[in-house]
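Asks: All letters in the sequence shown, in the order written, are residues 9 to 86 by my numbering.
Just so you know, even glycine gets a beta-carbon here, dropped at the ideal spot from N, CA and C.
There's a structure below that I have some questions on.
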Amino acid sequence: MTDAAEPVEDARGLLCPLPVIRLGARMRSVAPGTTVCLLADDPAAEDDVRLWAKSHGHAFLGVERDGGFLAIRVRCRD
């Protein structure tokens, strides 16, 4: 589900807006072009991250569902 070199932010167990806040903090710490994987089980996370990424100029790459959680990938803007 995740690449060993890919930064992962685990926000499982957290509800809106905390997954997006945690993703935002992680995105500020990575190099441009880096893909970050957010793990979340909040059903609102997919839409929240999609909107957040668009408003901040990041690329929303997609979502994988694995049982009870989502793996959401976002590429940091260049």
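My output table needs one value for A67: the three-state DSSP class, helix, strand or coil.
Replies: Reduced to three states, the DSSP call for A67 is strand.
Asks: Which stretch, first to last residue, makes up the alpha helix (DSSP H) that contains R30?
Replies: L26 to M35 is the extent of the alpha helix (DSSP H) around R30.
Asks: In chain order, what residues of the same chain have a beta carbon less than 8 Å from the beta carbon of V38, not counting five sequence neighbours either side?
Replies: Cβ within range, chain order: P15, V44 and C84.
Asks: From the DSSP output, in three-state form, read off D18 for me.
Replies: D18 falls in the strand class under three-state DSSP.
Asks: Is the beta carbon of A48 sitting closer than 8 Å to the one on L69?
Replies: In this structure, L69 does not lie closer than 8 Å to A48 by Cβ.
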